[in-house]
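Chemist: Quick one: structure below, then a few questions.
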Amino acid sequence: MPINLDTVNELLGTSYSAENINDYFTAVRTSPKEVVNVKDAVESQVGPLFYDMFFKNYTEKQWGISPEKLPKEIIARIPIRANRDNRYFTDKYQFMPRNGYTKMFSRMLEHPNIFVMLNTDYSKITGEITGNRIFYSGTIDEYYDYILGPLPYRCVSFALEKYDLEYYQKAAVVNYPNDYSFTRITEFKHFYRMERKERTTIMKEYSDSFGEPAYPIPLEKNKLLYKEYEHLNDENITFIGRLGKYRYLSMDQAVREILDLEI
Ligand code: UDP
């Protein structure tokens, strides 16, 4: 992922170049009257074969909903490339934090004005909160004690496994669209140059409708319910992030929105 020139040539045994790969896509792409759902969005770019191989079952596994019922926006960030670029994004600067995310967040949280309480139910400590502005990144329905009913979320769970191998897989992330119950395996070692040769840790990712909310489900009826919750908002609270806004934000978008907040 994403599908690019190499994906087509490797899978079909062809030798298209950047100059003529669009001939292939033009020949196989469908032309739905209106591109509404994930199936239309993919098939109208790369045709049914690539949709079936890469998107159909992965999307079903990831969301527990047929891709024909999911809006095209959930795959908007995934480009289809007529060249060999295999990155998701084309931003000029794309880096990992130098010493990893754990270190980055630990250092941020060391700030003297930041106080962290773990394993604490927010509703139990509201009386102790003295600030006059609250930024809430949890789920909005929980904040309002589900008075309008629960908003659906897709949840993920992670299983870590260790192996006595230098590497388990060839890339940092390998997706399993059609096999197994997990969606993908991440091998963190690929993100950094690691000295350690004899062991590696991988993480399998499972999607479920129960557990820790991770993804808002962008169906129209859910968006409407979110709007109703938003109307309950009292002035000193700002809901932020994927869960607070009930939007499928990428990390960079979530950060951008915070930087752009008018405080
Ligand atoms: N997707 C897919 N096959 C893949 C990768 C992604 O069908 O191999 C679809 C799927 O519906 C997924 C969406 O594209 O939910 C967005 O993928 P991404 O990897 O960006 O999702 P995230 O990292 O947010 O789980």
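Under our numbering, the first residue of the sequence shown is numbered 1, with each subsequent residue one higher.
Heads up, the beta-carbon is just placed ideally off N, CA and C, and yes, glycines get one too.
For residue 149, I'd like the list of residues in its chain whose CB is within less than 6 Å of its CB, leaving aside the five on either flank, ordered along the chain.
Modeler: Here residue 149 is taken as the residue at index 149 of the sequence shown, counted from 1. Nothing meets the Cβ criterion.
Chemist: For residue 8, is the beta carbon positioned less than 7 Å from some heavy atom of ligand 1?
Modeler: The residue labelled residue 8 in the question sits at position 8 within the sequence shown. The answer is no for residue 8.
Chemist: Just the Cα atoms here: how many angstroms apart are residue 228 and residue 222?
Modeler: Along the sequence shown, one-based indexing puts residue 228 at 228. Along the sequence shown, one-based indexing puts residue 222 at 222. Those two C-alpha atoms are separated by around 10 Å.
Chemist: With DSSP run on the structure shown, which of helix, strand or coil describes residue 194?
Modeler: Looking up residue 194 in the sequence shown gives position 194. Residue 194 falls in the coil class under three-state DSSP.
Chemist: How is the alpha helix (DSSP H) around residue 25 delimited, first residue to last?
Modeler: Counting from one through the sequence shown, the residue named residue 25 turns up at place 25. Where residue 25 is concerned, the enclosing alpha helix (DSSP H) stretches over 21-28.
Chemist: Taking C-alpha atoms, which residue in 27, 191, 35 and 79 lies nearest to residue 1?
Modeler: For the purposes of this step, residue 1 is taken as residue 1 along the sequence shown, with counting starting at 1. The candidate whose alpha carbon is nearest that of residue 1 is 79.
Chemist: Rounded to a whole number of angstroms, what is the C-alpha to C-alpha distance between residue 130 and residue 58?
Modeler: Residue 130 sits at position 130 when you count from the first residue of the sequence shown. Residue 58 sits at position 58 when you count from the first residue of the sequence shown. Their Cα atoms are separated by approximately 45 Å.
Chemist: Pick out whichever of 42, 31, 199 and 49 has its Cα sitting closest to the Cα of residue 11.
Modeler: Stepping through the sequence shown from its first residue, residue 11 is reached at position 11. The shortest Cα separation from residue 11 among 42, 31, 199 and 49 belongs to 49.
Chemist: Determine the DSSP secondary structure at residue 129, reduced to helix, strand or coil.
Modeler: Taking the first residue of the sequence shown as 1, we reach residue 129 at position 129. Coil.
Chemist: With a CB to CB cut of under 6 Å and the five nearest residues on each side skipped, what residues in its chain are close to residue 139?
Modeler: By 1-based counting over the sequence shown, the position of residue 139 is 139. Answer for residue 139: 213 and 243, listed in chain order.
Chemist: Is it true that the CB of residue 249 sits closer than 8 Å to the CB of residue 144?
Modeler: Indexing the sequence shown from 1 puts residue 144 at position 144. Indexing the sequence shown from 1 puts residue 249 at position 249. Cβ atoms of residue 144 and residue 249: not closer than 8 Å.
Chemist: Starting from residue 208 and walking both ways along the beta strand (DSSP E), at which residues does that stretch end?
Modeler: Position 208 of the sequence shown holds residue 208. Per DSSP, residue 208 belongs to the beta strand (DSSP E) from 200-208.
Chemist: Would you mind giving the Cβ-Cβ distance between residue 203 and residue 186, rounded to the nearest angstrom? I have them listed as a contact below 8 Å.
Modeler: Mapped onto the sequence shown, residue 203 falls at position 203. Mapped onto the sequence shown, residue 186 falls at position 186. With a Cβ gap of about 5 Å, residue 203 and residue 186 count as contacting.
Chemist: Just list the beta strand (DSSP E) runs in the segment 112-162, keeping only unbroken ones of 3 residues or longer that don't cross its boundaries, in chain order.
Modeler: The segment 112-162 contains these whole beta strand (DSSP E) runs: 134-136.
Chemist: Sorted by chain position, which residues of the same chain lie with C-beta nearer than 8 Å to residue 36's C-beta, five sequence neighbours on each side aside?
Modeler: What you label residue 36 is simply residue 36 of the sequence shown in a count that begins at 1. Once the five neighbours on either side are set aside, the close Cβ partners of residue 36 are 71 and 72.
Chemist: Residues in its own chain within less than 7 Å of residue 137 by CB, not counting five upstream and five downstream?
Modeler: As a position in the sequence shown, residue 137 is number 137, starting the count at 1. So the qualifying residues of the chain are 240, 241, 243 and 244.
Chemist: Using the rule of at least 16 other Cβ atoms within 10 Å of the residue's Cβ for burial, across every protein chain shown, is residue 55 buried or exposed?
Modeler: Stepping through the sequence shown from its first residue, residue 55 is reached at position 55. So residue 55 ends up on the buried side.
Chemist: Under 8 Å between the Cβ atoms of residue 156 and residue 93?
Modeler: On the sequence shown, position 156 is the one that residue 156 refers to. On the sequence shown, position 93 is the one that residue 93 refers to. Taking 8 Å as the Cβ cut-off, residue 156 and residue 93 do not qualify as a contacting pair.
Chemist: Check each candidate in 52, 170, 109 and 67 and name the one with the smallest Cα separation from residue 219.
Modeler: For the purposes of this step, residue 219 is identified with residue 219 of the sequence shown, where counting begins at 1. Comparing Cα-Cα distances from residue 219 to each of 52, 170, 109 and 67, the minimum goes to 67.
Chemist: Tell me which same chain residues have a C-beta within less than 6 Å of the C-beta of residue 47, skipping the five on either side of it?
Modeler: Position 47 of the sequence shown holds residue 47. Here the set comprises 28 and 29.
Chemist: Note down the Cα distance separating residue 103 from residue 25, rounded to an integer number of angstroms.
Modeler: On the sequence shown, position 103 is the one that residue 103 refers to. On the sequence shown, position 25 is the one that residue 25 refers to. Residue 103 and residue 25: Cα-Cα distance of roughly 44 Å.
Chemist: Pull up the DSSP beta-bridge partners for residue 67, would you.
Modeler: On the sequence shown, position 67 is the one that residue 67 refers to. Answer is none; residue 67 lacks a bridge partner.
Chemist: Counting only C-beta atoms, is residue 140 closer than 8 Å to chain B at any point?
Modeler: Among the protein chains of the structure shown there is no chain B, as only one such chain exists.
Chemist: Could you give the first and the last residue of the continuous alpha helix (DSSP H) run that contains residue 9?
Modeler: Mapped onto the sequence shown, residue 9 falls at position 9. Residues 5-12.
Chemist: Could you tell me which of 168, 209 and 180 sits nearest to residue 200, measuring between CA atoms?
Modeler: Start at 1 with the first residue of the sequence shown, and residue 200 comes out as number 200. When each option's Cα is compared against that of residue 200, the closest is 168.
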